[in-house]
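Each remark here refers to the structure printed beneath this line.
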Amino acid sequence: MALQNGTALTISRELRDRKLAAQERAVKNGFCSESAALAIRKWLSELAEASSIEAVRSVEAKGPKVYWATWRGLGVMFPRQDLQRVPEHWRTFGSRISSLTASPRRATNPVNAILNYLYALLEVQARLAAAKLGLDPGLGVLHADTQYRESLACDLMEPIRPEVDAFVLDWLQREPLLRSYFFEERDGNCRLTSSFALKLSETAPIWARLVAPVAEWFAQQIHKSRASQSRVRLLARPTSAARREKKITSHVERKLSFRRAKVCVTCGKKIHSPSTTCDECAKQKSPERIIEVARLGRIVTLVPEAQAKRSATQKVNTQAVWDWNPSDHPKLVTSDVYSAQIKPRLISLSCSLVGKRLGVSVGYADQIRKGRVLHPRLWQALAKIAGVSE
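FYI, full-length UniProt numbering numbers position 303 of the sequence shown as 303, with every residue one higher than the one before it.
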């Protein structure tokens, strides 16, 4: 009946519209690709004018080509200690199409394996949502009905697929994957380990909450299309997932129910601090970082601009020494006062304070604090800094 009265076309357009709109947001926000977003936006306009389900399928088929092309160069992080055991083709997203099947099935790299597993979880939740509403998961409107595919579940999950993609993309951009999460079969098929699959299964409530409103909207559209609408009451009650959905106000809050394991980018050990490395790796890297910073600092001091700046400063200071005359300063601080009162107090002052007041670098100020004797013309300024009265 839905195919005859136009309801199937309305539903197909709406489901595909939601999916393309979500993909547009993903490429725009996740990849900052305005060109891909513009192309998908163009197909959204074409979708609104589609007059048949075949036309809807034709327009929607254009989206994945551009959408997954933006993913192709996405880098996949692994801890440094795992890199020797990570195949080269695992380190980028590559293609959504597997070389083993010429389809997304039987993935050959970790990211596609994760996506396939999460899509399977989403399909299960879509099937359950349809069954709770009294719908037959095997009778869809957009996907063709086949013996081994529940086409309605596939229809309902389509608008939520980009949400799964966004979840995985956010993960990849924040945390490295562990080599121990995956194994490779002889034919190159990349599989998830049972422990990692169990961890990913904890996301099932997220997809249940997201797909439930889609299933309820679908049921309402089918109900409205019935010829005896005035005498038929919709008996289906909102799914429990949809009732929980009302308590969740933002997309971010939905994802808080699943906590990714934060791991060290060097060794892969689980960590709980906001740092990207564990304490042991941080200790090992500290000397290397100090040496590298020191090396870069020496290079910077030898560039022509730095040498010219030092030369100009030295000329100014030399001229100031030549121009300074003790007779012009009757209240001159004596060497005894400097040694007995000023010098002992300098060590308690901060390098930044001394450097700022005298107009010298922090390193030079530290030398002054530790006993370097300046020209007498600067003793008066040091007395003020140290709080020694004239």
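All C-beta atoms, glycine included, are put in the ideal place defined by N, C-alpha and C.
Where does residue i fall in DSSP's three states?
i       : result
Arg-105 : coil
Thr-92  : strand
Gly-355 : helix
Gly-140 : coil
Lys-132 : helix
Glu-24  : helix
Lys-270 : strand
Arg-372 : coil
Arg-13  : helix
Gly-75  : strand
Phe-182 : strand
Cys-32  : coil
Val-333 : coil
Arg-254 : Confidence at Arg-254 is low in this model, with a pLDDT of 45, below 50, so the placement of that residue should be treated as unreliable; the coordinate-derived value is given next. Three-state result, Arg-254: helix.
Val-265 : coil
Cys-154 : helix
Cys-281 : helix
Glu-292 : helix
Leu-100 : coil
Asp-187 : coil
Ala-236 : Only weak support exists for where Ala-236 lies, its pLDDT of 47 falling under 50; the coordinates are left without a value.
Lys-315 : helix
Ala-227 : Per-residue confidence for Ala-227 stands at a pLDDT of 49, beneath the threshold of 50, marking its modelled position as unreliable; the derived number appears in the next sentence. In the structure shown, Ala-227 sits in coil (DSSP, three-state: anything other than H, G, I, E or B).
Leu-121 : helix
Trp-68  : helix
Val-360 : coil
Ser-201 : helix
Ile-347 : coil
Pro-287 : helix
Trp-324 : coil
Thr-7   : helix
Under 6 Å Cβ to Cβ from residue i, same chain only, skipping five residues before and after it: list those, please.
i       : result
Ala-365 : Cys-351, Val-354 and Gly-355
Nearest by alpha-carbon distance to residue i: which of the options is it?
i       : options                               : result
Asp-82  : Glu-202, Lys-132, Gly-73 and Lys-269  : Lys-269
Leu-47  : Arg-16, Gln-314, Asn-189 and Asp-155  : Arg-16
Ile-97  : Asn-109, Val-86, Pro-87 and Glu-88    : Asn-109
Glu-158 : Ala-204, Leu-198, Ala-129 and Val-214 : Val-214
Asp-358 : Gln-380, Val-337, Leu-177 and Ser-339 : Inspection of the sequence shows that residue 358 is occupied by Leu rather than by Asp. The candidate whose alpha carbon is nearest that of Leu-358 is Gln-380.
Trp-68  : Ala-26, Gly-363 and His-223           : Ala-26
Leu-121 : Val-59, Ala-208, Val-141 and Glu-185  : Ala-208
Glu-216 : Arg-186, Asp-187 and Ala-131          : Ala-131
Val-168 : Ala-282, Glu-288 and Tyr-119          : Tyr-119
Ala-166 : Ile-206, Arg-298 and Thr-334          : Ile-206
Ser-389 : Cys-154, Leu-135 and Thr-334          : Thr-334
For chain B, is any of its Cβ atoms less than 8 Å away from the one on residue i?
i       : result
Asp-366 : The structure shown has no chain B; it contains just one protein chain.
CB-CB under 7 Å to residue i, same chain, minus the five flanking residues each way: which ones, in chain order?
i       : result
Gly-75  : Arg-91 and Thr-92
Cys-278 : Cys-264, Cys-267, Lys-269 and Ile-271
His-375 : Val-321
Check whether the Cβ atoms of residue i and residue j sit closer than 8 Å, and answer yes or no.
i       : j       : result
Leu-20  : Gly-73  : no
Ala-383 : Ile-342 : yes
Arg-127 : Glu-163 : no
Ala-113 : Arg-161 : no
Gly-387 : Arg-345 : yes
Thr-70  : Gln-221 : no
Ile-53  : Leu-142 : yes
Val-211 : Leu-156 : yes
Ala-306 : Val-300 : yes
Phe-78  : Leu-177 : yes
Leu-100 : Arg-106 : yes
Leu-172 : Val-111 : yes
Arg-377 : Ala-320 : yes
Leu-133 : Ala-219 : yes
Ala-22  : Val-66  : no
Ala-50  : Arg-13  : yes
Glu-24  : Ala-8   : no
With a threshold of 8 Å on Cβ separation, who are the neighbours of residue i within its own chain once the five nearest residues in sequence on each side are excluded?
i       : result
Ser-250 : Note that Ser-250 scores 43 on pLDDT, short of 50, meaning its location in the model is unreliable; the coordinates nonetheless yield the value given after this. Counting only Cβ-Cβ distances below 8 Å, and skipping sequence neighbours, we find nothing.
Ala-197 : Tyr-117
Per DSSP, which one or two residues make a beta bridge with residue i?
i       : result
Leu-192 : Phe-182
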